[in-house]
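Reviewing the structure listed below.
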Amino acid sequence: MGEDVGKHSSREYSKVGRTRQSLGNPVLDNMATQLLNNDLFLNVIRKARNDPSIVLCHGCRLRSDGEHCDRGGFESYKTAIHFRSSRYQQEQAVNLTVKIGAGGSSEEDSQEVRLYGEVLPAMAKVLKEAGIDLQLIHASNKPNTVLILEDIQSLGWTKTNQTFATFEDVLPVIQSIAELHAVSYFLHQTSTDLSCYDASSGIDTSIESKFESISNEIKSWKNCEEIASKFEALKSSSKAKLAQVFAPNPKGTGYNVLNHGNLQRQCLRFKPSAGTMLTDYRCHWGSPAFDLICLLDKIVTPALKATHRREIVYVYYQHFVQILDAIGYLGVVPKLVELQMELLRKGFLEVFHEVERAGTGSDLINGHSDKPPEEGLKTKAETSVK
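Quick note: the sequence shown, position 204, residue 204 per UniProt numbering, numbers continuous.
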């Protein structure tokens, strides 16, 4: 077997094939065929399997993933590597997801590569040493703006388009977020500076016009003049308030963690025997309230948020503390009251989420159509102007 393998060179497959389906973006199509050659994939699989005898059985063929990656200018593709080596008697295959950026190398792209190539593996290593298996995407870190990750869909991980309606269903998601926050807090305090991750570029620059549109709509509602005036008052300060949400806590005020930064249903993967996996990290160093509020607003139903908000926050905090204890953190552990203060300080993010998904003022009460408008808005408006 060894001699037979040695007869084959990766140079025989130096061209990356393309399926007849268009890759979608002509710029990225050309870039992909230049950067993603079979020598690159051969080096990736040899390093991943720690096996220098691996050779490719045939050329790799790129195909569109069918989705635009949410972070930066990355597009996503899929390919399969078929290989054999002196260790294997039969042909082996591994499915990969390849992310490539159209804008060339940039600071944000470099942070993305560092995230998948260094930070997430470091977190996984810490948890594994503590006897905890955190499901994270593993990536090979290569130059330029190319990320190569294991294709988790082929391993049975699936998406969901549904919000979570029961506390039991959302519990694995809560725990995954708590694990990410706890390990990032540990690493930042002990060995790895994570403060470079900043998702504030995601601030919606059209937020003022959205507030104006909603306040104009609410003015037409009976007995809602006071609520309309509060939203009107928020318009001029909305950008500053949103910037304060993104701003990391200064020393002596609250605490910071590495947030997922892009938490929504589309970024979750599920597998019956393995739980929940977070994907498509945008990453933001800041208050833990950032991810928690996204969880409450984008992952669970409004009814579950209304009835189990306190339990969700408490279970998150308990798991956060448990992970810090399990990985041997000896420093000061944030208190539950500090987390509750973070949720109050960053409360404008809840208003922003409501405004973000509302095309008009009437859309702002979507999901609460059985209640008068003021019940769904008054508390949010009054809290936000404090």
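Glycine residues also receive a C-beta, built at the ideal position from the N, C-alpha and C atoms.
What you are looking at is a predicted structure, and each value in this text was computed from that prediction instead of being measured.
Name the residue from the options whose alpha carbon lies nearest to the alpha carbon of residue i.
i, options, result
"K298", "S176, H353 and N256", "H353"
"P302", "A240, K235, T163 and Q340", "T163"
"V94", "L344, I152 and D193", "I152"
"G254", "A228, D325 and A289", "A289"
"G252", "V126, D325, E338 and L344", "E338"
"L330", "L343, A182, N223 and D51", "A182"
"Q340", "Y316, V355, C224 and L187", "Y316"
"R309", "M277, L278, K239 and L343", "L343"
"Q92", "V98, V55 and V170", "V55"
"S238", "E350, D39 and E208", "E208"
"L62", "K47, A48, R49 and L96", "L96"
"S154", "R269, L115 and S220", "R269"
"A48", "V126, A358, T307 and L149", "L149"
"H188", "E232, D204 and V126", "V126"
"T192", "S53, L115, E75 and A326", "L115"
"I174", "S53, A326 and H260", "H260"
"Y88", "S53, V98, T79 and E75", "S53"
"M123", "T79, E75 and T190", "T190"
Residues in the same chain with beta-carbon distance under 8 Å from residue i, minus the five sequence neighbours each way, listed in chain order, please.
i, result
"R265", "K159, T160, N161, Q162, T163, K298 and I299"
"L324", "A182, Y185, F186 and V333"
"E225", "K219"
Please look up how many angstroms separate the CB atoms of residue i and residue j, rounded, as I've assumed it's under 8 Å.
i, j, result
"Y77", "S64", "6 Å"
Hey, residue i and residue j: beta-carbon distance below 8 Å or not?
i, j, result
"K235", "S206", "no"
"S195", "P248", "yes"
"residue 395", "A199", "For residue 395 there is no data in the structure shown, the boundaries of the chain being 1 and 386."
"C57", "F41", "no"
"L242", "Y197", "no"
"F348", "V245", "yes"
"P121", "T276", "no"
"K230", "W157", "no"
"I81", "I45", "yes"
"I312", "K346", "no"
"W221", "N256", "no"
"F211", "V119", "no"
By Cβ distance below 7 Å, which residues in the same chain neighbour residue i in space, the five residues on each side in sequence not counted?
i, result
"G361", "Annotation note: pLDDT 49 at G361 (below 50); position unreliable, no value reported."
"A240", "none"
"I203", "L242, A243 and F246"
"D51", "S85 and R87"
Apart from the five residues on each side of it in sequence, which residues of its chain come closer than 6 Å, Cβ to Cβ, to residue i?
i, result
"D70", "The predicted position of D70 is uncertain, since its pLDDT is 47 and thus under 50; no value can be drawn from it."
"L296", "K305"
"residue 434", "The structure shown has nothing for residue 434, since the chain only spans 1 to 386."
"L336", "Y317"
"D291", "I177, N259, H260 and L263"
"H68", "Note that H68 scores a pLDDT of 48, beneath 50, so its modelled location is shaky; the value from the coordinates is reported in the next line. Answer for H68: no residue qualifies."
Sufficient close CB pairs (3 or more, under 8 Å) joining the region 316–333 to the region 178–191:
In this structure the region 316–333 lies against the region 178–191, because at least three pairs of beta carbons, one per stretch, are closer than 8 Å.
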